[in-house]
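Residue numbers (this note's numbering): 2 to 513.
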């Protein structure tokens, strides 16, 4: 006698209808694997807590100019300072809207890194203190150029070997080869994973940076602080404050301060939750992808159920014979349910491989601007739990139909209904329709999985205002200081680049 949960009869049954079994396993592998890969990205980008103090009350603030249809107008240093009087804001800081870059000089070697200008209150608002040293303070705001900096954990490990002696050490930096080399003291190192604003490697005080810019431009430093619009504000709201209330209050303050955009008065202030600011266009795309992937899983279960209908219809007389010979109905029901579980389990093996390869591919090919995308891992416990729960549900759904079918078989009626084994033409046509439908669903599922995986490459890709097809950009910096040699260098570089095969034209732009 065999037990109800013996695997051998179930395996034999699946092997006898190996084409149907392989089709079911392939459907489960593709749908479970691709859905898990998409969830791994969703978990890393959107579900993982943001490394900030009270992220649910943290907002990013800028302005808009409806007269020029400009949805984003940066704020000036002095204007953000006037916003601190808002009653709905608990704390307020600022950070530059672009990441400037400078060269870090170590002997004869030099490397370019992005830095961002921030107010000392920036670190208090985000609520993440440096892992080593201290944050910037009000004393660092003095002077006509930055003299202190907080560096990222990545830069600390990459360039300074994670030495704790970096705190208080002086590093040599240079804005460009025509600028003088200056010294900055490293006062702090941020903890791993802190990446705000995106890709920043150094945080320097904003006011000295603006004074240095004004000095190089030959402008008055005071006017530069008031009128140079290159900042966003980051604020932490009071517990009862809402975004619309804050936007209205800051708009009144802005209009009262007399600040003007390049074309006139700003129309209003925009207040955006920090998670929406960081995720940007990725949020709706990822949620849509995950919803579509889960729908594909349900369709896969439906498809496998239809395949099981066909297989069960062929084997109902064999099951009736087993019952007539004394086989217990509960044992046959358990075996039929076990067949569905085995299909899902076999699909899980392929799903793990597909999910692993797909996740790595998504991380390597999706845009780098998607926050925390590179941290997506199948080994994280939320992703592993999601895959286990999804596989369990699929296994249960795959085993329900054959179990129900076996439970409803009337052995006596089946065996006495006629000795013929040939099905009625109407039944044969119905089964052909079912099989054709399942093949069509399988094709749609495979195509849908490929399209959903491919669509992740569109994350954070917005209209940039020009045709980007075929464009290639690179950073090139001469190694000499004389500006007159720069002109000759770039003229020769553009001329020779334009003569390369496959290059239609070449141009240059100066970026700091």
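Using N, Cα and C, we set each Cβ at its ideal position, and we do this for glycine too.
If you're wondering where the values come from, they're calculated on a predicted model, not measured in any experiment.
Endpoints, beta strand (DSSP E) assigned at residue i
i           : result
residue 183 : 183-190
residue 64  : 59-66
residue 270 : 269-274
Residue range of the alpha helix (DSSP H) that includes residue i
i           : result
residue 1   : Beyond the ends of the chain as shown, which are 2 and 513, falls residue 1; an answer cannot be given.
residue 154 : 154-161
Option nearest residue i by Cα separation, candidates the options
i           : options               : result
residue 172 : 198, 212 and 185      : 185
residue 200 : 134, 117, 20 and 493  : 117
residue 150 : 226, 39 and 131       : 131
residue 124 : 102, 101, 176 and 206 : 206
residue 211 : 197, 203 and 229      : 229
residue 472 : 506, 492, 383 and 112 : 506
residue 203 : 293, 153 and 181      : 153
residue 250 : 391, 500 and 62       : 62
residue 136 : 169, 223 and 51       : 169
residue 17  : 340, 476, 364 and 375 : 340
residue 77  : 119, 103 and 111      : 119
residue 371 : 509, 20, 208 and 46   : 46
residue 278 : 233, 109 and 253      : 233
residue 364 : 148, 375 and 114      : 375
residue 175 : 103, 139 and 165      : 103
residue 54  : 127, 275, 510 and 138 : 127
residue 139 : 58, 209, 71 and 380   : 209
residue 48  : 197, 509 and 291      : 291
residue 289 : 181, 42, 107 and 502  : 42
residue 39  : 353, 60, 501 and 496  : 353
residue 1   : 22, 29 and 19         : Here the chain comprises residues numbered 2 to 513, so residue 1 is not present and cannot be evaluated.
residue 475 : 498, 489 and 487      : 498
residue 189 : 252, 165 and 145      : 165
residue 60  : 351, 390, 92 and 382  : 92
residue 198 : 51, 181 and 72        : 51
residue 109 : 182, 348, 187 and 383 : 182
residue 97  : 105, 299, 112 and 121 : 121
residue 269 : 115, 20 and 71        : 71
residue 391 : 95, 297 and 477       : 297
residue 508 : 162, 491 and 501      : 491
residue 142 : 271, 105, 213 and 73  : 213
residue 26  : 272, 350 and 237      : 350
residue 101 : 167, 107, 177 and 161 : 177
residue 235 : 222, 504, 275 and 252 : 275
residue 237 : 502, 57, 162 and 192  : 57
residue 580 : 163, 222, 504 and 167 : Outside the displayed span of the chain (2 to 513) sits residue 580, for which this structure offers no information.
residue 196 : 115, 223, 227 and 224 : 115
residue 222 : 252, 273, 144 and 24  : 144
residue 470 : 477, 493, 504 and 489 : 504
Residues sharing a beta bridge with residue i, DSSP
i           : result
residue 238 : 90
residue 171 : 186
residue 232 : 76 and 97
residue 71  : 66
Residue-level contact to chain B via CB, residue i, 7 angstroms cutoff
i           : result
residue 133 : Absent here is chain B; the protein component of the structure consists of one chain.
*Taking only runs of the beta strand (DSSP E) that begin and end inside the stretch 193-222, which ones reach a length of at least 3 residues, in chain order?*
203-206
*asked:* I want to know whether the stretch 213-227 touches the stretch 25-36 - three or more CB-CB distances under 8 angstroms.
replied: no
*Would you say the stretch 153-160 touches the stretch 84-94, given that touching needs at least three Cβ pairs under 8 angstroms?*
no
*Spell out a yes or no on whether the stretch 282-294 and the stretch 62-72 are touching, meaning 3 or more CB-CB pairs, one atom from each, closer than 8 angstroms.*
no
*In the stretch 91-150, which residue ranges form an unbroken alpha helix (DSSP H) of at least 4 residues, counting only runs that do not cross its ends?*
122-127
_Between the stretch 384-396 and the stretch 338-357, can you find at least three pairs of beta-carbon atoms closer than 8 angstroms?_
yes
*List in chain order: all unbroken beta strand (DSSP E) runs of 3+ residues lying wholly within the stretch 362-395.*
none
*Kindly confirm or deny that the stretch 230-245 and the stretch 131-140 touch, where touching means at least three C-beta pairs closer than 8 angstroms.*
no
_Across the stretch 289-306 and the stretch 74-83, are there enough close Cβ pairs to call them in contact, namely three or more that are closer than 8 angstroms?_
no
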